[in-house]
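**Q** One structure is given below, represented as structure tokens, and several questions about it will come after.
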Amino acid sequence: MELDLQPLGLPSDNERPFVIAGPCSAETEEQVMTTARQLAEKGCHMFRAGIWKPRTKPGGFEGNGEKALPWMQEVKKETGMLTATEVATPEHVELALKYGIDVLWVGARTTANPFAMQALADSMRGIENPVLVKNPVNPDLELWIGALERINGAGVKRLGAIHRGFSSYDKKIYRNLPMWQIPIELHRRIPNLPIANDPSHIGGRRDLIAPLSQQAMDLGMDGLIIESHCNPDAAWSDASQQVTPDILDYILSILVIRDEIVTTENITALRKQIDEIDNNIMDLLAKRMRVSREIGQYKKEHGMTVLQTSRYNEILEKRGAQGTLCGINADCVKQIFEAIHEESVNQQIEILNKK
Ligand code: PEP
Ligand code: MN
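The sequence shown lines up with residues -14 to 340 when you count with my numbering.
Structure, rendered in structure tokens:
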């Protein structure tokens, strides 16, 4: 389905990026107003705050709901910033509009649910507000596009996407794996759809906001949505990933915006993809070595030899055949796995010889 889009028309000092900043959650009137004033002073044009918070487990802070909406109105009145919040149900949409929220975004958990998305889209029929759709929690581009199609199908033309990374069982550096190839592919499929990046939820850590924002800019993304709180350590949700308006201002000031249009045809974007893939390969190799060391421990406890020839042959044969199926020379694949196996054996020998 072709999307029928109009420009988002969001305020920004430069062509790129537009920036939406503010706390994860609207906690108290004072926290909202203090943060908003500090952000406005730094030249920020758009203020975010979660009014309804989807929490993984019950008992966490689930947002103040309607009570916090007048605070957002006050932010707009006093600072002139546009306001933005997450909507997950038709009731949220109705209330957000009633209180003059300018920009609505759909959270990752909602995007993942087609029933919820359709109900939300139906409730947005005829609205003029920009709507930003976060990627679903799982790495499924079609689901993301489907959610955008539902909203666009309801007549919302000021539409954009937010890349906030993807859940994985194995938490490593990132809270949510960026998997840059997915927003890159979204851009290839729908070139005129603006895409913003959410380094706060991808990184889950303050120190990752700057490098992730830079990476997003280098990939040609259009905007940033960043969590900022007047007292991050005391935040009621997502404390570890929020920064003060001061720090946010510094992060934005060191961003390098290259004006070259980056597309997947462009070699720099392709090299970024290669780097990302190599990082994944390194992660997997490290994981494989960990498992291999556990096997070493098992062999030690059961008096087995390190090298089990039949298993070794099985690995080389299987991987060679898989390589052929994937269009990679079987001998090349065998050589790669010989080298990996050799390192595995060395690590196991070390374990066996440890006193
Ligand atoms: C948020 O922006 O605070 C949020 C809950 O994000 P996500 O839907 O990406 O988890
Ligand atoms: Mn958050």
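Backbone N, C-alpha and C fix where the C-beta goes; we use that ideal spot for every residue, glycine too.
CB-CB under 6 Å to Arg40, same chain, minus the five flanking residues each way: which ones, in chain order?
**A** Glu47
**Q** Put Asn49 into one of helix, strand or coil per three-state DSSP.
**A** Three-state DSSP puts Asn49 in coil, outside helix and strand.
**Q** Are the stretch 200 to 216 and the stretch 177 to 191 touching by the rule of at least three beta carbon pairs closer than 8 Å?
**A** Of all C-beta pairs linking the stretch 200 to 216 to the stretch 177 to 191, three or more are shorter than 8 Å, placing the two stretches in contact.
**Q** Could you tell me the boundaries of the beta strand (DSSP E) in which Thr68 lies?
**A** Leu67 to Glu71
**Q** Considering only residues of the same chain and omitting the five flanking positions on each side of Leu204, which have a CB-CB separation below 8 Å?
**A** Trp165, Pro168, Ile169, Val247, Ala254 and Lys257
**Q** Could you check the C-alpha separation between Gly305 and Asp316 for me, to the nearest Å?
**A** 7 Å
**Q** Hey, how far is the Cα of Lys61 from the Cα of Asp107?
**A** 27 Å
**Q** Give the range of the beta strand (DSSP E) segment to which Ala181 is assigned.
**A** Ile180 to Asn182
**Q** Using three-state DSSP, classify Gly35 as helix, strand or coil.
**A** In the structure shown, Gly35 sits in a strand (DSSP, three-state: E or B).
**Q** Please report the straight-line C-alpha distance between Pro179 and Leu270, rounded to a whole angstrom.
**A** 35 Å
**Q** In the DSSP output, what is Gly208 paired with across the bridge?
**A** Phe3 and Ala181
**Q** What are the boundary residues of the beta strand (DSSP E) that includes Asn148?
**A** Rather than Asn, the amino acid found at residue 148 in this sequence is His. First-last of the beta strand (DSSP E) with His148: Leu144 to His148.
**Q** Considering only DSSP beta bridges, list what Ser10 is partnered with.
**A** Gly35
**Q** For the stretch 92 to 111 against the stretch 132 to 147, are there 3 or more C-beta pairs whose distance is under 8 Å?
**A** yes
**Q** Rounded to a whole number of angstroms, what is the C-alpha to C-alpha distance between Leu126 and Leu(-7)?
**A** Between Leu126 and Leu(-7), the C-alpha separation is close to 21 Å.
**Q** Quick check on DSSP: helix, strand or coil for Val141?
**A** coil
**Q** What residues are listed by DSSP as bridge partners for Trp90?
**A** Glu71 and Leu117
**Q** Going by DSSP, what residue range makes up the alpha helix (DSSP H) through Cys311?
**A** Counting along the chain, Cys311 falls outside any alpha helix (DSSP H), and DSSP gives it neither H nor E.
**Q** Just to confirm before moving on: does the CB-CB distance between Gly7 and Ala34 stay below 8 Å?
**A** yes
**Q** Flag Arg149 as yes when its Cβ comes closer than 7 Å to any non-hydrogen atom of ligand 1, and as no otherwise.
**A** yes
**Q** Can you tell me the Cβ-Cβ gap for Pro(-4) and Leu67, rounded? I've got them flagged as a contact below 8 Å.
**A** 7 Å
**Q** Quick check: what's the CA-CA separation for Thr72 versus Pro115?
**A** What sits at residue 72 in the sequence shown is Val, not Thr. Whole-angstrom Cα-Cα distance: 13 Å.
**Q** Mind listing which residues have their beta carbon within less than 5 Å of any non-hydrogen atom of ligand 2? Chain order is fine.
**A** Result: Cys9 and Asp223.
**Q** In the structure shown, what three-state DSSP assignment does Ser213 receive?
**A** strand
**Q** Which residue or residues does DSSP assign as beta-bridge partners of Phe100?
**A** DSSP, once it has assigned bridges, lists no residue as partnering Phe100.
**Q** Could you tell me whether the Cβ atoms of Gly145 and Leu162 are closer together than 8 Å?
**A** Cβ distance not < 8 Å, so Gly145 and Leu162 don't count as in contact.
**Q** Please name the residue in Asp231, Gln200, Ile5 and Thr290 whose C-alpha comes closest to that of Asp87.
**A** Comparing Cα positions, the closest option is Ile5.
**Q** When you compare only the Cα positions, how much space is there between Val78 and Val91?
**A** 10 Å
**Q** Run through DSSP, which three-state label would Val241 get?
**A** Correct three-state label for Val241: coil.
**Q** What do you get for Lys119, buried or exposed, if any count of 16 or more other CB atoms within 10 angstroms of its CB means buried?
**A** buried
**Q** Quick check on DSSP: helix, strand or coil for Val228?
**A** Correct three-state label for Val228: strand.
**Q** Straight-line CA distance for Lys83 to Ile136?
**A** 19 Å
**Q** Nearest CA to the CA of Leu292: which residue from Ile280, Glu302 and Ile194?
**A** Ile280
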